[in-house]
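One structure is given here, and the rest of the page talks about it.
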Amino acid sequence: MEGGGLMKTDFVRRGDVWGLGPHRLVCGDATDAEVAAAALDGAAPLLMVTDPPYGVNYDPTWRCAVIDRATGTTSKAGRAVGLVTNDHRADWADAFRHFRGDIAYVWHGALNGTVVRSALEGVGFFPRSQIVWDKGRLILSRGHYHWRHEPCWYAVRKGRTAHWVGGRKQTTVWLIPHRRSETGHSAQKPIDCMRRPIENHTVAGDAVYDPFLGSGTTLVAAEMTARLCRAVELEPSYVAIAIGRWEAMTGRKAELLQREPSTC
């Protein structure tokens with residue numbers, strides 16, 4: 001997940017293992033069992049909440065050009081400008097299978113809902129609901145209808161419990177304002193998109209797994225709720241951004257726990 005307009009992030013390398021206080025983040029491929037194991041580090045989280053590539057080949061470049069023409073500015077501040085690596089793919093069963101917990105929330109593109117559902121079912125989950133994030137405003141598109149929502153499968157492992165600790169007045173439509181991107185990540189979610197599942201299924205001190213951390217929203221939500229984030233992110237640039245968000249939030253410094261020897 002990288003693209004033009006992002007901060008300089010050359011202090012992170014593929015294969016790094018980072019400690020962020022009680023949290024753990026690996027820069028690597030979440031479909032690799034060894035990478036997932038390094039992130040989990042013996043933890044057994046009940047909940048996975050994640051926002052993997054959608055399989056839509058999303059490219060915000062044209063939208064930026066339209067805004068530039070309309071406003072007469074070329075500033076990219078607050079805009080999503082980065083491309084998403086592997087965004088041609090929506091089936092991430094190869095990553096989900098390394099999660100052994102009971103509950104999964106997987107954000108996905110609306111047109112690939114059946115693909116994502118099949119991926120979850122293929123690794124033992126049964127979808128219970130589809131959450132709809134209402135962004136509160138349209139997102140400019142090239143289609144006849146402009147999107148203002150994104151869905152998320154809420155699934156529980158077959159034969160297991162949901163460990164529900166949330167309130168009983170919640171609905172499947174979450175009205176959460178869509179704010180301007182803080183990091184340049186093309187698909188950055190509001191913190192509440194990750195925080196609500198965390199608070200509905202876990203308690204303070206529990207671990208939460210995110211195999212597609214992106215710019216670190218699940219990490220931020222875990223820190224805010226006193227949970228322990230165990231995460232993987234493929235692109236060094238977004239690992240660096242996630243680290244920066246956590247350091248700015250906490251005033252603490254991340255620690256490089258492990259680095260693969262350079263082959264150069």
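Using the UniProt record's numbering, the first residue of the sequence shown is number 1, and each one after it goes up by one. All C-beta atoms, glycine included, are put in the ideal place defined by N, C-alpha and C.
In the three-state reduction of the DSSP assignment, Thr217 falls in the helix class.
Collapsing the DSSP output to three states places Ile176 in coil. Distance from the Cα of Trp153 is smallest, within the candidate group Lys169, Trp133, Val17, for Trp133.
Secondary structure at Phe125: strand, using DSSP grouped into helix, strand and coil. A direct Cα-to-Cα measurement between Pro236 and Asp102 gives close to 29 Å. The region 240-255 makes contact with the region 206-222: 3 or more CB pairs, one atom from each, lie closer than 8 Å. Take the alpha-carbon of Leu120 and the one of Val156: they are about 9 Å apart. In this structure, the straight-line span from the alpha carbon of Pro151 to that of Gln130 is close to 6 Å. For the 9 Å CB-CB criterion, Arg137 and Arg148 form a contact. Between His98 and Ala37, the CB-CB gap stays under 9 Å. Exclusion of the five residues before and after Val12 leaves Cys27, Pro236, Val239, Ala240 as the residues of its chain whose Cβ lies within less than 7 Å of its Cβ. Each residue's CA atom was taken as its position, placing Gln188 and Gly216 some 9 Å apart.
Residue pairing of Arg24 in beta bridges, as defined by DSSP: Gly19, Arg230. Taking the Cα of Asp32 as reference, the smallest distance to any Cα among Leu47, Tyr54, Ala93 is reached at Ala93. Following the DSSP letters along the chain, one finds Pro151 inside the beta strand (DSSP E) bounded by residues 147-157.
For Leu40, the enclosing alpha helix (DSSP H) has its first and last residue at 33-40. Contact annotation: Asp29 and Leu234 have beta-carbon atoms nearer than 9 Å.
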